[in-house]
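To start, the structure itself, in structure tokens.
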Amino acid sequence: MTVRVRFAPSPTGHPHIGNIRTVIFNWLYARQNHGKFILRIEDTDQTRYVPNAVQVITDSLRWLGLDWDEGPDVGGPYGPYVQSQRLALYKEKAEELIERGWAYRCNCTPERLERVREAQRARGLPPMYDGHCRELAPDAISPDEPHVIRLKIPREGQTVVHDLLKGDIAFENALIDDQVLLKSDGYPTYHLAVVVDDHMMDITHIIRADEWLPSTPKHVLIYQAFEWEAPTFVHVPLVMGDDGKKLSKRHGAASVDDFRKQGYVAEAVFNFLTLLGWAPGEGEEQEIFSREELIEHFDLHHINLAPAVFAYDKLDWMNGVYIRAMSEEALLERLIPFWQEAGLIPAPVPAEMMETLRILVPLVQERLKRLQDVVELTDFIFNDIETASGEALLGKNMTPEQSLEALKAAHTLLSKTLSFDAETLEPQMRQLAEDLGLKTGQLFTIIRVAVSNKKVAPPLFGSIEALGRQTTLKRIARAEEALVHYIEQKHAASA
RNA sequence: GGCCCCAUCGUCUAGUGGCCUAGGACGUCGGCCUCUCAAGCCGAAAACAGGGAUUCGAAUUCCCUUGGGGUCACCA
8 MTVRVRFAPS PTGHPHIGNI RTVIFNWLYA RQNHGKFILR IEDTDQTRYV PNAVQVITDS
68 LRWLGLDWDE GPDVGGPYGP YVQSQRLALY KEKAEELIER GWAYRCNCTP ERLERVREAQ
128 RARGLPPMYD GHCRELAPDA ISPDEPHVIR LKIPREGQTV VHDLLKGDIA FENALIDDQV
188 LLKSDGYPTY HLAVVVDDHM MDITHIIRAD EWLPSTPKHV LIYQAFEWEA PTFVHVPLVM
248 GDDGKKLSKR HGAASVDDFR KQGYVAEAVF NFLTLLGWAP GEGEEQEIFS REELIEHFDL
308 HHINLAPAVF AYDKLDWMNG VYIRAMSEEA LLERLIPFWQ EAGLIPAPVP AEMMETLRIL
368 VPLVQERLKR LQDVVELTDF IFNDIETASG EALLGKNMTP EQSLEALKAA HTLLSKTLSF
428 DAETLEPQMR QLAEDLGLKT GQLFTIIRVA VSNKKVAPPL FGSIEALGRQ TTLKRIARAE
488 EALVHYIEQK HAASA
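Note that the working numbering has the first sequence beginning at 8, numbered continuously upward.
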């Protein structure tokens, strides 16, 4: 039997990173078994529909490399793959359930339902439908008048859910609500649509988050009512924020798009998410896995049963690992959009600027946790800086006069040297430090602050090379002025 | 609150009765390297929620307690 799994999002916004983890489990399972991964849009709630959502969802999936074999855009033998285009089917199936004695029409008003629930809550009972229309004569409510169709849950006995990971879970039927299957607007609820579609589309494994577990007995009952064989249920744990609550926007980035914009690379996010709640086991200590390795090693049975906290710190580390593993050319390509987005370089990139960018890439590569970090790290290369204060320009354990002298000496050297690249600059500057009786750190720090006005910056000589001689000398000259002013003020104050 | 799920370092996890004085990774702390910051290398602190039971032997099996989470719509 061919494995067929699905991702069935409702188009209500950006896919959440926690949901995506579950999608990855589905995708991995499909690819590993040479099965099919199906995308189905569950747009049965007209009130929550967001116009662009389907596009946003497919963009996110594509970015992560999660391709689908059947879906709304690519089609397939089980279409249509959008539930709002299958309304007649659900209606027919709901009616069939009435005929089979497993469902009934109900015309209770929302107001009445709310009153009933309120009364139940007041008595400390769980709010449930009170069965008002359940035992009405079959023709008591006309199919033509506004009504819903409810599932007729047996009043006694238990319904057992077979879960691949958790085993058999028994639910008391008496505690299960008579779920609405078909709404008064003619749309199905999730419970009807998901069962009908999963069956009609020959889904073999329903891999979904734990939050669905409480409604699974309803689905099992619907399968029984139709005399259909239920697929294998696999409920996987939720992803939590670092406070132990369900992951949400409060915890920082939450949607796939947030991560992309911050400069997380898709391969790292994919790797990280797969390892969130799953590990290869058997003493395997590897953490960095290619997509192919993941497909090979993934095993549903090794999914952890406990909810997993989303560790941003570890993602940052892993993202850095992936960034460092890239070729300089590949990293350059990924960095350009971030420089452009920040307005540091134009689009398209002028040919002569590419040379500067190529100098910068190896300088920043091992310093980036996220691609976005390149902006703050290199903005001084592209934008003019504010000249540092005299105080900031002091070398460690050095007087203003000594600092100024060192800066002037560097100025002279940098204006004379024949070529202006890091390789020729560095030995000369080291020699200069020695000649001045300074430690390299003392001299280099003064120059770094002079040209970047940053205490933390990429390696000095590469930065200077990227900056070019003219800009470098101009900034050093301005720093000298700042130091001169600083010295004059000190003298004035002490006089 | 009812029902359901879950429980190894701060976090992600390895561990399926003896190999565990519990291993790895992130993070943290210390050191080395070093022009800053990183990266890299070395090292340290850090966990089987508690109580019973089964067993010659329990992180591993069972029960209870505690704790955490999820869910109770004409939302998915």
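A virtual CB, placed ideally from N, CA and C, is assigned to each residue, including glycine.
Residue interval of the beta strand (DSSP E) (run including residue i)
| i | result |
| --- | --- |
| residue 189 | 187 to 189 |
| residue 177 | 174 to 179 |
| residue 169 | 165 to 170 |
| residue 587 | The question about residue 587 has no answer here: the residues shown for the chain are numbered 8 through 502. |
| residue 110 | 110 to 113 |
Nearest residue (CA-CA) to residue i, options the options
| i | options | result |
| --- | --- | --- |
| residue 74 | 104, 129 and 36 | 36 |
| residue 182 | 120, 44 and 224 | 224 |
| residue 96 | 484, 201 and 463 | 201 |
| residue 184 | 134, 229 and 263 | 134 |
| residue 153 | 331, 116, 345 and 144 | 116 |
| residue 498 | 406, 30, 234 and 163 | 406 |
| residue 77 | 121, 124, 12 and 32 | 12 |
| residue 417 | 378, 350, 486 and 214 | 486 |
| residue 227 | 288, 216, 448 and 239 | 239 |
| residue 149 | 105, 295 and 164 | 105 |
| residue 414 | 439, 273 and 220 | 439 |
| residue 297 | 437, 445, 313 and 278 | 278 |
| residue 477 | 93, 376, 168 and 427 | 427 |
| residue 265 | 330, 378 and 392 | 378 |
| residue 419 | 65, 263, 483 and 251 | 483 |
| residue 71 | 281, 403 and 194 | 281 |
| residue 348 | 339, 268 and 286 | 268 |
| residue 479 | 489, 445 and 422 | 422 |
| residue 234 | 103, 49, 81 and 69 | 103 |
| residue 376 | 272, 16, 500 and 68 | 272 |
| residue 232 | 221, 409, 100 and 249 | 100 |
| residue 93 | 193, 172 and 132 | 193 |
| residue 471 | 249, 125, 441 and 436 | 436 |
According to DSSP, residues forming a beta bridge with residue i
| i | result |
| --- | --- |
| residue 44 | 12 |
| residue 7 | Residue 7 is absent from the model: the chain starts at 8 and stops at 502. |
| residue 78 | 82 |
| residue 61 | According to DSSP, residue 61 bridges with nothing at all. |
| residue 89 | 48 |
| residue 382 | According to DSSP, residue 382 bridges with nothing at all. |
| residue 310 | 285 |
| residue 23 | 262 |
| residue 253 | 247 |
| residue 315 | 246 |
Start and end residues, alpha helix (DSSP H) containing residue i
| i | result |
| --- | --- |
| residue 332 | 319 to 332 |
| residue 469 | 467 to 474 |
| residue 197 | 197 to 207 |
| residue 98 | 94 to 106 |
| residue 441 | 429 to 443 |
| residue 449 | 447 to 459 |
| residue 233 | 223 to 233 |
| residue 413 | 407 to 423 |
| residue 117 | 117 to 129 |
| residue 503 | Missing from the structure shown is residue 503; the chain here goes from 8 to 502 and no further. |
| residue 298 | 298 to 304 |
| residue 358 | 358 to 371 |
Whole-Å CB distance - residue i paired with residue j, under 8 Å assumed
| i | j | result |
| --- | --- | --- |
| residue 60 | residue 19 | 6 Å |
| residue 188 | residue 162 | That pair is no contact at about 18 Å. |
| residue 370 | residue 465 | 4 Å |
| residue 178 | residue 166 | 5 Å |
| residue 329 | residue 275 | 4 Å |
| residue 469 | residue 429 | 5 Å |
| residue 389 | residue 460 | At roughly 14 Å, the Cβ-Cβ gap does not stay under 8 Å, so residue 389 and residue 460 are not in contact. |
| residue 473 | residue 366 | 4 Å |
| residue 261 | residue 23 | 6 Å |
| residue 326 | residue 244 | The pair is not a contact, with the Cβ atoms about 23 Å apart (cut-off 8 Å). |
| residue 170 | residue 241 | 7 Å |
| residue 309 | residue 286 | 6 Å |
inquiry  = When you compare the stretch 390 to 402 with the stretch 491 to 499, are there three or more beta-carbon pairs, one atom per stretch, that lie closer than 8 Å?
reply    = yes
task = Would you check if the stretch 358 to 365 and the stretch 295 to 304 touch, i.e. whether three or more CB-CB distances between them fall below 8 Å?
result = no
query = Is there contact between the stretch 106 to 124 and the stretch 204 to 213, where contact requires at least three CB pairs shorter than 8 Å?
reply = no
ask   = Would you say the stretch 399 to 410 touches the stretch 449 to 458, given that touching needs at least three Cβ pairs under 8 Å?
value = yes
message = Three Cβ pairs or more, each shorter than 8 Å: is that satisfied between the stretch 313 to 323 and the stretch 350 to 359?
response = no
query = Should the stretch 76 to 95 be regarded as contacting the stretch 36 to 55, the criterion being three or more beta carbon pairs within less than 8 Å?
reply = yes
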